[in-house]
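Chains as they are written, first to last, in the numbering used here: chain A, 1380 to 1798; chain B, 30 to 90.
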């Protein structure tokens, strides 16, 4: 029998900000999506004032003023780095750790400690001390139960943030307390249907006959229900599939019409995408570029995309950017107001096993250049060095008016302490 | 902090994974601000330890 722990960071983005700016502790905080469009994270205090997830900023500006809510632009460099720190600490605490999202991780803690509750508290305390991030932990015999336990651990103060359902009388109670729509793997639409059939809680669901579940919810649904009954059906999937594509895209702060500005933006996206695959030691054999006008406006619409083949497969920014620019030039038409563009790298394969081409004109200087390029970025932060064509991004750069410093990834931004 | 060899402009190396001892230099949160202190000088009621200072570096230029 496997024992799962689901570790989930509390209000992760807000918690990251609070680590380096403790003044935010206890204050209502809201984090905005890129472009400062809408709320993507809320501290518990901000939730109480009624700010909803994904609510656009303009709809709650009055609440912000009235309750002195701290509004911040998403600082994704910070969140990614803090996520890595949390995941590293967790990886040390269990033989198997499987990251599920930026702020969630499943651990296999089978046979580790005698007292699961205590071990959960140890994990919680260690993550908090080492990274500053508070976490909630659900422990159970299946992933779906661990998810449910985690949910309760977060809202119920009694649990102290750790709830263990293994060998306890709490498993049934926990299922009774879990609204069926909150069960991992049950969608909103389906929850409505279940409600109409009188199935209101996860516990109700476990009491439905298998035949009915299979008919109504399919094989996947039956898996979910069996997991709720304590039968391990999901497990730790074997090695996750390496990714096949990578995408960098962004909505522009304001629409752009000029080819030069598009080239400028796409170069930045291509640079980021290339860095992304180099980090994973992958190469790409096709670069796809796309651009879109604003679907919601009455302006003329145009949303082309263009793929450029790379042979042999590459991950050098120079080649990726060159292909991306070629793609933009081919796809661009005058007279449209573009709202968004992106670069996708396709057919990713491991750099060490990628097929070579007899006619590949490999220039070792390119490798040295890109090595130096990556090193400068590591030390000075993204955007500190660019390929010549990127120029000034002002025409399209997204608004992030309230962003905190990149405390952990930029040397010049590390926190300053008082004496 | 100069008594402890820490000067304005120094870069502190802060380790959150170790527990402070009586002789530690620590970064603490006082009134919401990260502040460097000798552990024996802090009042644990108003200051929460944020990390332990392992060392520091100083630029001469």
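Where is the CB? At the ideal position from N, CA and C, for every residue including glycine.
The beta carbon of residue 1794 of chain A sits closer than 8 Å to some beta carbon of chain B.
The DSSP assignment places 1408-1411, 1418-1421, 1449-1452, 1475-1480 as complete runs of the beta strand (DSSP E) inside the region 1403-1482 of chain A, in order along the chain (cut-off: 3 residues). Of the candidates B/31, B/88, B/90, the residue whose Cα lies closest to the Cα of residue 54 of chain B is B/31. If the five residues before and after residue 1381 of chain A are omitted, its C-beta is found closer than 8 Å to the C-beta atoms of 1487, 1489, 1520, 1611, 1614, 1615, all from its own chain and listed in chain order. Residues of chain A whose Cβ lies closer than 8 Å to the Cβ of residue 41 of chain B are, in chain order, 1796. Around the C-beta of residue 42 of chain B, fewer than 16 other C-beta atoms lie within 10 Å, and the residue is accordingly described as exposed. Residue state for residue 32 of chain B is assigned as helix, using DSSP reduced to three classes. Taking CB atoms only, residue 1424 of chain A has no neighbour in chain B less than 8 Å away.
With 16 or more other Cβ atoms from the protein chains shown falling within 10 Å of its own Cβ, residue 1502 of chain A counts as buried.
Separation of residue 1560 of chain A and residue 1416 of chain A (C-alpha to C-alpha, rounded to the nearest whole angstrom) is 28 Å.
The C-beta of residue 58 of chain B comes closer than 8 Å to at least one C-beta of chain A. Residue contact with chain A for residue 62 of chain B: present (Cβ-Cβ distance below 8 Å to some residue of chain A). Close to chain B, meaning a Cβ-Cβ distance shorter than 9 Å, are the following residues of the region 1505-1529 of chain A: 1505, 1508, 1509, 1510, 1511.
Collapsing the DSSP output to three states places residue 44 of chain B in a strand. Closer than 8 Å to the CB of residue 65 of chain B there is at least one CB belonging to chain A.
Look at residue 1691 of chain A here: in three-state DSSP terms it is strand. Nearest in C-alpha terms to residue 1543 of chain A, of all of A/1492, A/1384, A/1730, is A/1384. In this structure, DSSP gives residue 1741 of chain A a state outside helix and strand, which the three-state scheme calls coil. The beta-carbon separation of residue 1391 of chain A and residue 1448 of chain A, rounded to 18 Å, does not stay under the 8 Å limit for a contact. Comparing alpha-carbon positions, the option among A/1419, A/1461, A/1525, A/1691 lying closest to residue 1661 of chain A turns out to be A/1691. When DSSP reads this structure, residue 1670 of chain A sits in a beta bridge with A/1720. Rounded to the nearest angstrom, the Cβ distance from residue 81 of chain B to residue 1401 of chain A is 17 Å, too far for a contact under 8 Å. Between the region 1503-1516 of chain A and the region 1538-1554 of chain A there are three or more inter-stretch CB-CB distances shorter than 8 Å, so the stretches are counted as touching. At a cut-off of 8 Å between beta-carbon atoms, residue 1683 of chain A makes no contact with chain B. Per DSSP, the unbroken beta strand (DSSP E) holding residue 86 of chain B starts and ends at 76-86. One alpha carbon belongs to residue 1706 of chain A, the other to residue 1626 of chain A, and they sit about 15 Å apart. Within the model, the alpha-carbon separation for residue 1796 of chain A versus residue 79 of chain B is close to 11 Å. Per the DSSP secondary-structure output, residue 67 of chain B pairs in a beta bridge with B/54.
For residue 1537 of chain A, no alpha helix (DSSP H) segment is defined, and its DSSP state is neither H nor E. Chain A places no beta carbon closer than 8 Å to that of residue 73 of chain B, leaving this residue out of the contacts.
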